[in-house]
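All residue numbers for the sequence shown refer to this note's numbering, where the first residue is 4 and numbers rise by one.
Glycine included, every Cβ here is placed at the ideal spot set by N, Cα and C.
A short worksheet on the structure shown next.
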Amino acid sequence: MQFDHLPNQAALSDAERAAAMANPAFGRVFTDHMVTIRWNENKGWHDAQVRAREPFTLDPASAVLHYAQEIFEGLKAYHAPGGGITMFRPEENARRFKESAKRMAMPELPEELFVQACEEIIRIDRNWVPTGEGGSLYLRPFMFANETFLGVKPASDFIFCVIACPVGAYFKGGAKPVSIWVSDDYSRAGPGGTGAAKCGGNYAASLVAQAEAIKQGCDQVVFLDAAEHKWVEELGGMNLFFVFDDGSMVTPPLGGTILPGITRKSVIQLVQEQGVDIQERPYSIDEWRADAQSGKLREVFACGTAAVIAAVGEVKSTKGDFAIGGSQTGAMTIQLREKLTGIQRNEIEGPEGWVHKVNLDS
Ligand SMILES: *Cc1c(COP(=O)(O)O)cnc(C)c1O
């Protein structure tokens, strides 16, 4: 598809951009441009533009404001040490975006067009990709229903958009192990629900539980399954891995209620290549507590694009608290974080096809 290019006439000067990028808080500093593509029933995907980042004008009856037909993605772009800019596995995000669209009765953006849109914003805002250690350009592709209609049905108009934020290392001053709160009262996703779709509604539903975690002095909330309230699922926006004293690992299985993280998938592949016995199997909160207390469980980490890999040091719940691995970041967690960030930053070679070089000339 051809994109119309309408460069921002009020783009920041080099000095202004440098100031904005000096110490960006996650998700608060944005680049000069955005990419938009429209969809409607008659024309399909059309009107692809690379243009100045600006507010949308929405009718108060726009469907997204009422029925939350909205999905999103998150991925990062990096400077390569030898020059150029790369994205980490954008084809995986493109595929997941299509799956999310299907679940939410939204039009499916072709995967090539998703990747092309990410390349377009990187090309025009290439000067916004941080060069400092730990820095990257976080891309946020998203799509929302924009039909002016209060009837409950899949909308007939949608807007796809990509915006971008320069970000520093997620954890300022190095990664400390996080503490997590086991939610008794809330579930993130249920069987047949939208847990595997990356939709805004899942996050809306998780916020009260996350707020409770903060009130309990924890960094994050961990959700158990909705049916039995027994099986460990994931955090509000990160997947979980367990590392045992015999070197084996466990991560909860995908099955509709867990978001299929690309970091999760990448970690599974990396440890399999290292010969680790990794199982995708249900793991209960009771096993977790018993294994932590017996010392069988050595490490737990959470993973996702934004924070990459974060050690879990402590678990708090109404049934008592427990620590993992002396609340220190374990060796496997450190090794995997270094390996994965090394691959993402093009410092070490990873599996074939994980790094997507952006064509900066076209
Ligand atoms: C995005 C997300 C993740 C992590 O996925 P990545 O592709 O690794 O960034 C995990 N859980 C939830 C609920 C998410 O929305």
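Report task. Tell me whether N380 is buried or exposed, calling it buried when 16 or more other Cβ atoms sit within 10 Å of its Cβ. Result -> The structure shown has nothing for residue 380, since the chain only spans 4 to 365.
Query raised in the report: What do you reckon, is the C-beta of M146 under 7 Å from a heavy atom of ligand 1?
Result: Outside the cutoff, so no.
Query raised in the report: Is it the case that the Cβ atoms of I124 and V38 are separated by a distance below 8 Å?
Result: Contact flag set, yes.
Query raised in the report: What distance in whole Å lies between the Cβ atoms of A71 and G204, which are believed to be in contact at a cut-off of 8 Å?
Result: 5 Å
Report task. Go through its chain and collect everything with a Cβ distance to E136's Cβ below 8 Å, but skip five positions before and after it. Result -> A172
Query - Closest by C-alpha distance to G298, when choosing among I351, R31, E290 - result: E290
Query raised in the report: With distances taken from CA atoms, which of G316, A200, V303, G353 is nearest N96?
Result: A200
**Report entry** Whole-angstrom C-beta distance between I127 and V32, which should lie under 8 Å
**Finding:** With a Cβ gap of about 17 Å, V32 and I127 do not count as contacting.
Query raised in the report: Excluding the five sequence neighbours on either side, which residues of its own chain have a C-beta within less than 8 Å of the C-beta of N11, listed in chain order?
Result: D35, H36, R54, A55, R56
Query raised in the report: So which of S186, E236, A192, S190 has the shortest CA-CA distance to A216?
Result: Its Cα nearest to that of A216, the residue S186 stands out among S186, E236, A192, S190.
Query raised in the report: In terms of alpha-carbon separation, which member of P180, G259, R92 lies closest to G195?
Result: G259
Query raised in the report: Using the beta-carbon count (16 or more within 10 Å), is Q213 buried or exposed?
Result: buried
Query raised in the report: CB G333 to CB A305, shorter than 8 Å?
Result: no
Requested in this report: Would you grab the beta carbon distance between F91 and P144 for me? Rounded to a whole angstrom, and I think it's under 8 Å.
Outcome: Not confirmed; about 14 Å, so no contact.
Query raised in the report: Can you find a heavy atom of ligand 1 that lies under 7 Å from the Cβ of R31?
Result: no
Query - Sequence ranges, beta strand (DSSP E) only - wholly within the region 228-304, length at least 3 - result: 235-238, 242-247, 252-254, 281-283
Query raised in the report: Going by the beta-carbon positions, is the gap between E236 and R191 smaller than 8 Å?
Result: yes
Query raised in the report: Span of the alpha helix (DSSP H) holding E114?
Result: 114-127
Query raised in the report: Is M241 near ligand 3, going by C-beta to nearest heavy atom under 7 Å?
Result: Looking for ligand 3 in the displayed structure turns up nothing; the ligands present are ligand 1.
Report task. Give the range of the beta strand (DSSP E) segment to which A80 is assigned. Result -> 78-82
Report task. For C306, verify whether its CB is less than 7 Å away from any heavy atom of ligand 1. Result -> yes
**Report entry** As assigned by DSSP and simplified to three states, the class of D364
**Finding:** coil
Query - Nearest neighbour of T2, chosen from T151, H8, P93 [CA to CA] - result: An answer regarding residue 2 cannot be provided, because it is not within the stretch 4 to 365 covered by the chain.
Query raised in the report: Comparing alpha-carbon positions, which option in P93, Q219, T197 lies nearest E317?
Result: Q219
Report task. Quick one: grab the DSSP three-state call for S330. Result -> S330: helix per DSSP, three-state reduction.
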